[in-house]
Ligand SMILES: *Cc1c(COP(=O)(O)O)cnc(C)c1O
């Protein structure tokens with residue numbers, strides 16, 4: 009059996025970086041050097057300066073490219089650095105069609121930074137393909153997808169959006185942070201670039217900020233490599249190593265977390281104090297079948313709504329196990345309150361239009377015993 013045919017979870021461990029070819033060390037060496045000695049006057053070696061290329065960062069870049077089944081991977085100093093660098097593929101006068109419930113940092117980049125450089129945007133409900141089609145203009149260069157969306161977990165049909173993009177000579181970017189290639193592989197569904205906050209599930213331990221991008225062809229790879237080197241928001245080597253280590257347990261972590269998320273979603277759904285549960289892994293979710301047609305499962309993040317703000321306050325004051333924090337995708341469960349955290353900058357009216365009420369919580373399910381989590385939530389509710 010060749011490495012090429014290994015399943016995803018085996019590939020996480022047994023890949024070209026399973027041991028260091030120089031020493032046999034069973035861990036990717038951390039190469040701190042910023043510059044590299046050139047032994048020949050005429051021809052320089054593979055590495056010259058670490059912003060342009062570094063073997064530790066490169067190991068991570070190759071690993072994520074292989075896992076997303078793309079042509080080339082890139083590691084950045086944060087998810088936002090990866091996303092912002094990908095947007096540098098655009099030029100003045102270009103236009104982006106973007107999902108209305110996009111990550112807050114991406115919303116800020118598009119609405120407050122890109123506009124200053126003459127790059128326009130239209131927000132649409134990406135689950136409405138007619139709305140996506142209507143928003144496309146002659147100068148549209150990117151359709152930007154995030155699925156499932158944050159925090160209401162709406163599911164966008166990646167294949168259909170990619171087809172629309174191709175018809176209109178635009179790229180499709182997919183932020184795959186919520187599911188990771190363990191669950192969903194957007195490049196296989198037609199996307200051009202996959203983006204990640206590796207701060208979340210990929211590293212998985214709430215101890216590193218990192219971003220990744222994978223492109224579907226070498227030509228786009230050359231362009232993004234040029235931009236990565238030009239903009240310079242590269243990932244440091246210690247952090248690259250932490251992401252590489254986190255990746256080794258990605259499959260087992262997600263298996264456990266997704267299983268518990270399913271249990272919690274059903275528990276919350278049957279609880280009288282819970283008004284609504286958002287999780288595409290529950291059969292009556294409007295996008296349940298679409299989710300399963302493009303991903304292995306619904307992931308480990310769910311949202312739920314209580315009666316009112318008072319009930320929300322009481323839950324936070326009484327719940328003991330999950331940390332109450334921004335972020336997601338960690339070994340510990342993380343409970344967040346979008347109205348005052350990720351979407352605090354959004355006017356209340358805009359928030360409510362998107363279903364983000366003052367009693368909505370997002371729960372990223374970690375590796376605790378699911379029954380402990382249920383008991384804890386049950387007592388707090
Ligand atoms: C966290 C996050 C980002 C931004 O990543 P950083 O690593 O915080 O810069 C982008 N997209 C999604 C979906 C995220 O959850």
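Numbering (this note's numbering), first residue to last: 9 to 389.
For every residue, glycine included, the Cβ atom is placed at its ideal position computed from N, Cα and C.
Would you mind working out which of the options sits nearest residue i, comparing C-alpha positions?
i	options	result
residue 77	97, 107, 378 and 221	221
residue 376	370, 331, 158 and 368	331
residue 378	273, 314 and 116	273
residue 394	371, 13 and 308	A question about residue 394 goes unanswered here, because the residues of the chain that appear run from 9 up to 389.
residue 180	270, 164, 191 and 233	164
residue 125	113, 143, 14 and 101	101
residue 197	177, 173, 231 and 262	173
residue 195	255, 182, 30 and 347	182
residue 260	43, 325, 307 and 177	307
residue 246	40, 13 and 28	40
residue 296	216, 161 and 136	161
Less than 7 Å between the CB of residue i and some heavy atom of ligand 1, yes or no?
i	result
residue 208	yes
residue 239	no
residue 15	no
residue 87	yes
residue 222	no
residue 113	yes
residue 91	yes
residue 244	no
residue 219	yes
residue 185	yes
residue 142	no
residue 205	yes
residue 336	yes
residue 154	yes
residue 158	yes
Check whether the Cβ of residue i sits closer than 7 Å to any heavy atom of ligand 2, and report yes or no.
i	result
residue 301	With respect to ligand 2, the structure offers nothing, as its ligand set consists of ligand 1.
Provide the residue span of the alpha helix (DSSP H) that contains residue i, from first to last.
i	result
residue 275	258 to 277
residue 43	Careful: residue 43 lies outside any alpha helix (DSSP H) and carries neither H nor E.
residue 154	Careful: residue 154 lies outside any alpha helix (DSSP H), inside the beta strand (DSSP E) at 148 to 154.
residue 17	16 to 19
Check this for me: beta carbons of residue i and residue j, under 8 Å apart or not?
i	j	result
residue 374	residue 340	yes
residue 104	residue 127	yes
residue 73	residue 241	no
residue 22	residue 36	no
residue 71	residue 228	no
What are the boundary residues of the beta strand (DSSP E) that includes residue i?
i	result
residue 83	80 to 84
residue 205	201 to 205
residue 370	368 to 372
residue 283	282 to 286
residue 221	219 to 223
residue 310	309 to 314
residue 238	Unbroken run through residue 238 is the alpha helix (DSSP H), 226 to 239; no beta strand (DSSP E).
residue 181	179 to 183
residue 130	128 to 132
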